[in-house]
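Residues in the sequence shown are numbered consecutively from 1, following the numbering used here. To start, the structure itself, in structure tokens.
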Amino acid sequence: MTTEPHPADAPDLSVVVPADAGPEALRASAASVLEQTLRHSEAVLVDPGRDSATTRACADLAARHPGRVRHVTAARGADLRDTGADHARGTWVTFLGPGERLQKDAGRNLLAAALDTGADLVAGTWTRLPAPGEKLPRGAEQAEPAWQRPLHARTRTVGSLTDAPGLVVHDSLVTGFCVRRSLLDPEARPAVRHEEEPPVGDLLFGVRAALAARTVTLIPNTITTHRAAPDPAADAPARITAAARAARLLARHGHPGLAAARERALLTDHVLPCAAALLSMDREERARTAAQVAPLLAGHLGADALAPLDPVARACLRLLADGDADGARDAAYALANPGTVVSPVVAHAGRVHWRPGTEAAPSTEAAPGADPLDVTELGLQYRPFARLDLLNTVTRATRSQGRLLLVGRIVLPAHALPGRPEVTATLVLTCRDQPARTLTLPVDDIRYAKDALVWRACADLTRLLGARGVGDRVWDPALRVTAGGETLTTPLFAEPETVKPAGALRARPRLGRLTGDTWQPYVTAHHRLAVCLLARRRPARLAEKLLHYATHFRPARALRRRLAAVAARRKRLAGQAVKARVYRTLLLRLPVRKGQVVYEAHMGKQYGDSPRAIHEEAMARGLPLRPVWSYAEKPDGFPADARLVRRWSWPYLVALARAQYWVDNQGFPHALDKPRHTTYLQTWHGSAYKRMGFDEARVKTQNDPQRRRLQRAVDRFDHFLIRAPHDADTLGRAYRLDPDKLLPTGYPRNDRLVAAREQHAPRPPLAEALGVPDDRTVVLYAPTFRGGPGHKDAELPLDVRRFAEEFGSTHVLLVRSHYMERAALPATAPGTVHDVSGHHDVSELLALADVLVTDYSSIMFDYALLDRPLIHFAPDLDAYTADRGSYFDLRERAGGPVVDTQGALHEVLAHLDEADPHWKAARARFAEEFGAYDTGGAAAAVVDTLFAAHTPRRRPKPCPASRRRPAERSGT
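Listed below in structure tokens is the structure:
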């Protein structure tokens with residue numbers, strides 16, 4: 001052992017390294033301490049004295065690095081980490097687990113934060129080794145918990161754990177933090193010690209330290225790496241025990257909310273991953289794991305803890321707590337493959353339950369989590385047979401007379417095939433690398449059984465599966481089932497212990513047996529049956545080795561690198577940066593093509609909005625124009641009377657360079673300059689409620705080059721449509737537009753709405769296309785965009801399923817998510833909910849809707865023109881306006897009620913006939929204030945202005961009195 005350093009030489013940071021993982025792990029941890037940029041740090045190696053090799057490694061490190069490494073031998077039965085803390089000399093102490101390493105600047109970052117803030121505990125982030133088969137983000141070498149980055153997004157100091165609940169709700173403080181040494185003194189009150197045996201003591205230590213600390217500082221820096229990969233099944237008992245004790249500890253210290261959150265996190269962080277691990281276990285191991293975990297879950301599956309979870313997750317936890325290993329495994333498969341029906345769900349008293357025999361007392365308003373096996377929310381009862389993804393389990397796989405014999409069982413919900421019609425099936429094998437290639441084989445037998453369809457097929461792969469042997473070595477079987485005029489295809493779920501008896505079957509590839517000689521059934525990483533062509537015999541193995549050598553020896557590797565470089569270069573040449581450079585240097589020199597108009601709506605995602613109205617007006621007049629429309633992905637739904645070009649394609653760039661007119665509602669790519677011969681009409685896509693342009697906080701914090709790019713893009717506009725003075729005061733100022741560029745014509749897209757209001761026309765043809773009955777009230781729900789750059793998936797604030805259950809008999813709900821987002825809707829009763837997000841023109845939807853439910857989307861300004869009920873459902877209104885800013889107080893100037901809960905929304909809808917008359921005056925003021933120029937002739941006025949050179953002279957028609965603004969009608 002080394003001599004204790006003099007107090008004057010005491011380090012700033014002591015790193016306690018328990019030597020209980022072998023000499024190699026010890027050396028790696030100690031090396032990370034010695035490589036710290038914080039030189040005034042020490043490693044305290046705590047030797048349990050059980051392994052001579054470890055003891056020698058400790059002594060050797062201490063001898064080679066005196067003053068930096070200290071060797072401490074723990075007393076028998078003593079906790080290694082507490083022993084290390086007792087011998088630590090640093091003002092601050094941190095701990096490393098088996099094999100863990102400090103990031104090079106970890107000590108410096110921890111100490112700097114501690115000295116700057118005076119906190120008792122400083123916590124950073126940590127990473128761990130990936131589990132087998134785990135996929136990591138591109139460029140990442142290690143994994144980290146999903147909840148960690150938001151917790152450590154910025155440096156902050158908190159005086160209460162409620163300000164950073166993730167520290168104790170999740171297993172955040174298991175590593176990657178330092179604590180003031182005075183808190184670890186055995187004489188301190190309360191003393192922060194490892195009171196339980198590892199690993200429970202390690203999991204609880206961080207919670208005790210956080211509770212004892214007066215203040216805690218969180219930093220975004222990585223502190224610890226190489227934490228051991230988790231083993232969800234093996235770790236579950238200790239983690240469940242520790243989480244339960246941590247919840248009780250938090251409750252005793254006056255944090256009941258944190259204790260409840262810890263209970264919920266226990267289920268999502270530890271128990272559900274344990275259930276997922278059951279998929280990779282054999283039957284015996286699965287039963288043993290369930291038997292260990294089930295007793296520990298007693299008291300942890302209360303309704304409050306289960307309520308936030310997915311219905312399948314709730315069922316999975318309940319089954320695991322009941323010790324039903326196979327049932328929990330099936331539920332875990334459904335969690336990994338959303339939408340899969342893995343149990344014969346049954347309807348009872350208006351509710352749907354996981355399986356027969358699990359029905360609870362009748363209740364039509366069951367609270368989520370009250371009955372964990374109630375899966376009504378999934379809406380399975382509304383799905384026809386062809387839309388059910390049924391679990392198809394291979395129960396037997398063996399070799400019979402040189403053929404592959406498969407026996408399986410398909411879960412069959414009670415409602416799926418009423419009356420049990422005749423059922424037929426075929427086995428379909430699909431080539432994984434060439435999905436268009438399939439082989440269809442007959443199924444010998446398929447019949448009904450209790451709660452299932454059972455089937456049997458015998459596949460002669462040797463004779464019938466005529467693979468070439470190159471590029472088609474893996475085939476995925478599935479069962480195609482037809483019953484009652486409906487057909488579904490379901491993959492084969494299998495377990496290795498079931499497939500193993502099938503052995504191997506002889507193969508006869510068309511390119512000869514040198515490419516392979518054996519068909520081998522196996523189970524994929526997604527737990528599905530597949531067959532693979534392998535080389536098992538000597539000639540095929542030799543050919544495989546020769547091929548491997550030919551493709552991996554030095555010239556072949558060099559050729560592959562050369563081909564990869566060529567492919568990368570081609571990709572760069574096809575990239576937007578190169579295209580923009582070619583556009584600016586070459587294409588802008590092309591001559592103008594007279595009369596060519598390039599239209600674009602919502603960056604090519606739709607054929608709609610004001611550009612569509614302008615195009616249709618110009619075509620109706622027969623103007624000698626050459627229309628070109630851009631599309632982002634598919635040209636479906638775009639006009640047949642225009643040339644279509646894909647956005648950012650070469651034809652798109654040429655069309656823009658030669659166009660006489662640009663017309664769009666959001667902005668052509670900023671990198672593309674406007675040609676000198678082009679007139680650019682920006683119709684815009686809505687009046688402003690939230691801060692826009694240079695008024696946005698995000699833009700104000702950008703650097704000068706970024707703001708200049710935005711200004712250059714805006715300076716391309718020659719005309720900018722506005723629909724009220726409000727637009728001039730907000731959008732005109734926010735984008736620093738010359739007032740002479742503002743055209744007060746209104747929005748051409750709204751001509752349809754003005755006409756619908758004045759003519760009181762019957763429902764448009766869209767109602768019949770959607771199958772909307774005449775006696776149903778049509779409610780359009782259209783929330784705004786809440787995401788940021790790259791954001792795609794949206795979580796709707798409205799509970800669509802709950803809405804359908806309450807109003808489905810009298811209302812039809814049309815859901816229109818923002819064009820920059822996508823939202824997955826739950827299954828509901830047929831005809832109650834329609835997803836119309838893909839409909840090109842929102843004006844058609846507005847004309848169809850009897851009621852609009854939105855939040856603060858600009859669609860509210862358009863719909864007010866119809867003088868129909870408008871409801872603002874905005875649960876996050878205050879948070880959104882605080883984040884994005886707004887130009888006015890919506891609650892004060894809204895044209896309809898503003899509600900923040902779904903219950904309040906339902907109350908308004910239920911009494912709409914009585915309440916709406918009180919909002920007519922407010923709605924009229926709202927329409928006048930924000931749509932004063934929308935008089936029904938915007939498209940004609942824009943075409944007259946923009947295409948004047950192509951428009952024959954004509955006498956203007958007088959504007960009908962009904963379309964004039966109030967001031968004009970009164971003669972003032």
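By construction, the Cβ of each residue, glycine as well, lies at the ideal position given by its N, Cα and C atoms.
Candidates 808, 9, 394, 27: closest to residue 498 by CA position: Counted from its first residue, the sequence shown places residue 498 at position 498. Selected option, being the one with the closest Cα: 394.
Beta carbon of residue 335 nearer than 8 Å to that of residue 294: Numbered from 1 along the sequence shown, position 335 holds the residue referred to as residue 335. Numbered from 1 along the sequence shown, position 294 holds the residue referred to as residue 294. Going by C-beta atoms, residue 335 is not nearer than 8 Å to residue 294.
Straight-line gap, residue 136 to residue 333 (C-alpha atoms, nearest Å): Within the sequence shown, residue 136 is the residue found at index 136, counting from 1. Within the sequence shown, residue 333 is the residue found at index 333, counting from 1. Their backbone Cα atoms lie some 21 Å apart in a straight line.
Candidates 900, 915, 679, 850: closest to residue 948 by CA position: Sequence index remark: in the sequence shown, residue 948 carries index 948 (1-based). Measuring from the Cα of residue 948, the nearest candidate turns out to be 679.
Whole-Å CB distance - residue 672 paired with residue 580, under 8 Å assumed: Locating residue 672 in the sequence shown gives position 672, counting from the first residue. Locating residue 580 in the sequence shown gives position 580, counting from the first residue. Indeed, because the Cβ distance is near 6 Å, the residues count as touching under 8 Å.
CB-CB length for residue 129 against residue 30, believed under 8 Å: One-based indexing of the sequence shown puts residue 129 at position 129. One-based indexing of the sequence shown puts residue 30 at position 30. Incorrect: roughly 19 Å between the Cβ atoms, too far for contact.
Bridge partners - residue 900, DSSP secondary structure assignment: On the sequence shown, residue 900 is found 900 positions in, with the first residue counted as 1. Residue pairing by DSSP places residue 900 in no beta bridge whatsoever.
Under 8 Å between C-beta atoms of residue 99 and residue 53: Within the sequence shown, numbered from 1, the residue matching residue 99 stands at position 99. Within the sequence shown, numbered from 1, the residue matching residue 53 stands at position 53. No, the Cβ-Cβ distance between residue 99 and residue 53 is not below 8 Å.
Status (buried if at least 16 other CB within 10 Å, exposed otherwise) for residue 491: Numbered from its first residue, the sequence shown carries residue 491 at position 491. With 16 or more Cβ atoms within 10 Å of its Cβ, residue 491 is classed as buried.
Touch test, the stretch 647 to 662 against the stretch 607 to 624, Cβ-Cβ under 8 Å, three pairs minimum: No: fewer than three Cβ pairs fall under 8 Å.
Where residue 408 sits in the DSSP three-state scheme: Start at 1 with the first residue of the sequence shown, and residue 408 comes out as number 408. In this structure, residue 408 counts as strand in the three-state DSSP scheme.
Segment contact, 8 Å Cβ cut-off, at least three pairs: the stretch 711 to 725 with the stretch 656 to 674: Result yes; three or more Cβ-Cβ pairs closer than 8 Å.
Euclidean distance between Cα positions of residue 641 and residue 382: As a working mapping, residue 641 is identified with position 641 in the sequence shown. As a working mapping, residue 382 is identified with position 382 in the sequence shown. Here the alpha carbon of residue 641 sits roughly 41 Å from the alpha carbon of residue 382.
Alpha-carbon spacing of residue 227 relative to residue 126, whole angstroms: Along the sequence shown, one-based indexing puts residue 227 at 227. Along the sequence shown, one-based indexing puts residue 126 at 126. When only Cα atoms are considered, residue 227 and residue 126 end up about 8 Å apart.
Neighbourhood of residue 373 by C-beta, 7 Å cutoff - its chain only, sequence neighbours within 5 removed: Numbered from its first residue, the sequence shown carries residue 373 at position 373. Non-local beta-carbon contacts of residue 373 in its own chain, meaning distances under 7 Å to residues more than five positions away in sequence, involve 315, 318, 353, 354, 358 in chain order.
Delimiting residues of the beta strand (DSSP E) encompassing residue 851: Indexing the sequence shown from 1 puts residue 851 at position 851. Here the beta strand (DSSP E) through residue 851 covers 851 to 854.
Member of 558, 783, 279 whose CA lies at the smallest distance from the CA of residue 524: Residue mapping note: residue 524 aligns to position 524 of the sequence shown, counting from 1. It is 279.
Residue 680, DSSP secondary structure in three states: Indexing the sequence shown from 1 puts residue 680 at position 680. In this structure, residue 680 counts as strand in the three-state DSSP scheme.
Beta strand (DSSP E) segment containing residue 397, residue limits: In the sequence shown, the residue the question calls residue 397 occupies position 397. Unbroken beta strand (DSSP E) run through residue 397: 392 to 400.
Straight-line Cα distance separating residue 390 from residue 973: In the structure as shown, the chain begins at 1 and stops at 972. Residue 973 is therefore absent and cannot be evaluated.
Buried versus exposed, by CB contacts within 10 Å (16 or more), residue 703: Taking the first residue of the sequence shown as position 1, residue 703 is located at position 703. The residue is exposed, with fewer than 16 neighbouring Cβ atoms inside 10 Å.
Any chain B beta carbon closer than 8 Å to residue 240: Among the protein chains of the structure shown there is no chain B, as only one such chain exists.
For residue 648, three-class secondary structure by DSSP: Residue mapping note: residue 648 aligns to position 648 of the sequence shown, counting from 1. Correct three-state label for residue 648: coil.
Inside the stretch 464 to 511 only - alpha helix (DSSP H) runs reaching at least 4 residues: Listed in chain order, they are 496 to 499.
Residue 667 - DSSP class collapsed to helix/strand/coil: Along the sequence shown, read from residue 1 onward, the residue named residue 667 stands at position 667. For residue 667, the three-state secondary structure derived from DSSP is coil.
Opposing strand residues paired with residue 811 [DSSP bridges]: Counting from one through the sequence shown, the residue named residue 811 turns up at place 811. Partner(s): 777.
Minimum C-alpha distance to residue 285 - residue among 884, 782, 234: Mapped onto the sequence shown, residue 285 falls at position 285. Of 884, 782, 234, the residue nearest in Cα terms is 234.
Where the alpha helix (DSSP H) containing residue 308 begins and where it ends: As a position in the sequence shown, residue 308 is number 308, starting the count at 1. It is not in any alpha helix (DSSP H) - residue 308 carries neither H nor E in the DSSP assignment.
Through-space distance from residue 376 to residue 304, alpha-carbon basis: In the sequence shown, residue 304 corresponds to position 304, counting from 1. In the sequence shown, residue 376 corresponds to position 376, counting from 1. The straight-line gap separating the alpha-carbon atoms of residue 304 and residue 376 is approximately 18 Å.
Coarse secondary structure for residue 706, derived from DSSP in three states: As a first step, residue 706 is located in the sequence shown; it is residue number 706 there, counting from the start. Judged by DSSP in its simplified three-state form, residue 706 adopts helix.
Residue 110, buried or exposed, once every other Cβ within 10 Å from all chains shown has been counted against 16: By 1-based counting over the sequence shown, the position of residue 110 is 110. Buried, by the Cβ-count rule.
Rounded separation between residue 576 and residue 566 - CA only: Here residue 576 corresponds to residue number 576 of the sequence shown, with the count starting at 1. Here residue 566 corresponds to residue number 566 of the sequence shown, with the count starting at 1. Each residue's Cα considered, the two are about 18 Å apart.
Best match in 745, 747, 719 for proximity to residue 735 [C-alpha to C-alpha]: Numbered from 1 along the sequence shown, position 735 holds the residue referred to as residue 735. The shortest C-alpha separation from residue 735 is found at 719.
Nearest neighbour of residue 452, chosen from 615, 407, 473, 476 [CA to CA]: Residue mapping note: residue 452 aligns to position 452 of the sequence shown, counting from 1. Among 615, 407, 473, 476, the Cα nearest to that of residue 452 is on 407.
Beta-carbon proximity of residue 557 to residue 402, cut-off 8 Å: Here residue 557 refers to the residue found at position 557 when the sequence shown is read from its first residue. Here residue 402 refers to the residue found at position 402 when the sequence shown is read from its first residue. No, they are not a contact pair.
Coarse secondary structure for residue 177, derived from DSSP in three states: For the purposes of this step, residue 177 is taken as residue 177 along the sequence shown, with counting starting at 1. Three-state DSSP puts residue 177 in a strand.
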